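A.B. asks: Counting from -18, one number per residue, gives the positions in the sequence shown under my numbering. Please read through the structure below; I'll follow up with questions.
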Amino acid sequence: MIELRTPAEIEAMRPAGRFVAETLATLRDETKVGTNLLAIDRRAHEMIRRAGAESCYIDYHPSFGASPFGKVICTSVNDAVLHGLPHDYAVKDGDLVSLDFAVSIDGWVADSAVSFVVGTPRDEDLWLIDTAERALDAAIAAATVGNRIGDISHAIAEVARSEGYSINTDFGGHGVGRVMHGDPHVPNDGKPNRGFPLRAGLVIALEPWFLGTTDRLVTDPDGWTLRSVDGSRGAHAEHTVAITDDGPIVLTDRSWLGVA
Ligand code: MG
């Protein structure tokens, strides 16, 4: 069921959005060569406790998950792109790290993801990240009353295709509200002017993610981490966006922190 939020409810979602933005910016800043993925999770957990927030991940146990996630953040490195279960791994120079983080505050969820390179970057990794971010910008620009879900999907895919990346439509955006994953599904490819009409009050997570040279994923033995089938690296960009009569509001925007 697709739920629409009142302007007051969208205002009530802002604290969760700001906290998720701040946490991702802090964790990105603090992740250096040698930082352990388990330390990133511990730090995120500490920030959650201090803020009185509630993790959307720790008890998360969907049909495809082997067991409850058990951590508070997804840490996907290099050829891992989604649902990376934090494990005992120290980040190396040149690693491409994706962090995906969702909490609720006062019962409202915010969900956001960011990819970045630690240490010395490869040009192709920077381009992959840049493409995911531009696809997210295009998705947000298409998140306007009068458009349809297909317009957002198409906007994402156009950016990816223009750079020669292929698109996987198994995992994409979703409604956000009292729970992390609601209707509608927002695939990362689709036809313009098709799908659910966008209305004021619709709050959705938009999340383009691409792999260097494939659109196929394999699951790690941990039952969670999704990795490219060919070893090529992945990048992920996600924001929680409220559609309003005055245009999209990016609830997890980081620009007020002075960072991208
Ligand atoms: Mg997310």
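We treat Cβ as the ideally placed atom computed from N, Cα and C, and that holds for glycine. Keep in mind it's a predicted model, so treat the numbers as computed, not measured.
Could you tell me which uninterrupted beta strand (DSSP E) segments, each at least 3 residues in length, are contained entirely in the region 85 to 172, listed from first to last along the chain?
C.D. replies: 89 to 98, 154 to 156, 163 to 167
A.B. asks: If I measure Cβ to Cβ from residue 171 and keep anything under 6 Å in the same chain, skipping five residues before and after, which residues do I get?
C.D. replies: 131, 134, 135
A.B. asks: If you reduce the DSSP assignment to three classes, tell me which class residue 180 lands in.
C.D. replies: coil
A.B. asks: For residue 0, write down the residues that DSSP places opposite it in a beta bridge.
C.D. replies: In the DSSP output, where bridge partners are listed per residue, residue 0 has none listed.
A.B. asks: Is residue 215 closer than 8 Å to residue 188 when the C-beta atoms are compared?
C.D. replies: Going by C-beta atoms, residue 188 is not nearer than 8 Å to residue 215.
A.B. asks: Quick check: the Cα distance between residue 25 and residue 4, rounded to an integer number of angstroms?
C.D. replies: 7 Å
A.B. asks: Look up residue 63 in the DSSP assignment and say whether it is helix, strand or coil.
C.D. replies: DSSP places residue 63 in strand when its eight states are reduced to three.
A.B. asks: Which class does residue 25 belong to by DSSP, given the choice of helix, strand or coil?
C.D. replies: helix
A.B. asks: Rounded to whole angstroms, what is the Cα-Cα separation between residue 174 and residue 127?
C.D. replies: 9 Å
A.B. asks: Starting from the Cα of residue 200, find the closest Cα among 212, 147, 194 and give me that residue.
C.D. replies: 212
A.B. asks: Could you give the residue range of the alpha helix (DSSP H) that holds residue -7?
C.D. replies: Residues -12 to -7.
A.B. asks: Check residue 223 in the structure and name its three-state DSSP category.
C.D. replies: The three-state secondary structure of residue 223, taken from DSSP, is strand.
A.B. asks: Using a Cβ-Cβ cutoff of less than 6 Å, which residues in the same chain neighbour residue 235 once the five nearest sequence positions on both sides are dropped?
C.D. replies: 2, 6
A.B. asks: Evaluate residue 27 with the Cβ neighbour count: other Cβ atoms within 10 Å of its Cβ, from every protein chain shown; 16 or more gives buried, anything less gives exposed.
C.D. replies: The C-beta of residue 27 has fewer than 16 other C-beta atoms within 10 Å across all chains shown, which makes the residue exposed.
A.B. asks: The beta strand (DSSP E) with residue 199 in it runs from where to where?
C.D. replies: 198 to 200
A.B. asks: Give the single residue among 45, 74, 40 whose Cα lies nearest to the Cα of residue 13.
C.D. replies: 74
A.B. asks: Would you call the CB atoms of residue 224 and residue 124 closer than 8 Å?
C.D. replies: yes
A.B. asks: Looking only at its own chain, which residues have a Cβ that is under 6 Å from the Cβ of residue 61, when we skip the five neighbours before and after it?
C.D. replies: The residues are 206, 208.
A.B. asks: Would you say residue 22 touches the ligand MG, meaning its beta carbon is less than 7 Å from a heavy atom?
C.D. replies: No; taking the cut-off as 7 Å, the Cβ of residue 22 has no heavy atom of the ligand MG nearer than that.
A.B. asks: Quick check: the region 38 to 47 against the region -18 to -10, are at least 3 beta-carbon pairs closer than 8 Å?
C.D. replies: Taking 8 Å as the limit for Cβ pairs, the verdict is that the region 38 to 47 does not touch the region -18 to -10.
A.B. asks: Counting only the same chain and skipping the five closest in sequence on each side, list residues whose C-beta sits under 7 Å from that of residue 240.
C.D. replies: 6
A.B. asks: Using 8 Å as the threshold, is the C-beta distance between residue 138 and residue 169 below it?
C.D. replies: yes
A.B. asks: Start and end of the beta strand (DSSP E) containing residue 230?
C.D. replies: Note, residue 230: beta strand (DSSP E), 228 to 231.
A.B. asks: What's the call for residue 105, buried or exposed, on a 16-neighbour Cβ count within 10 Å?
C.D. replies: By the neighbour-count definition (other C-beta atoms within 10 Å, threshold 16), residue 105 is an exposed residue.
A.B. asks: Rounded to whole angstroms, what's the CA-CA distance from residue 92 to residue 191? Just pull it up for me.
C.D. replies: 18 Å
A.B. asks: So for residue 35, helix, strand or coil by DSSP?
C.D. replies: strand
A.B. asks: Determine the closest residue to residue 195 out of 222, 229, 109, with distance taken between C-alpha atoms.
C.D. replies: 109
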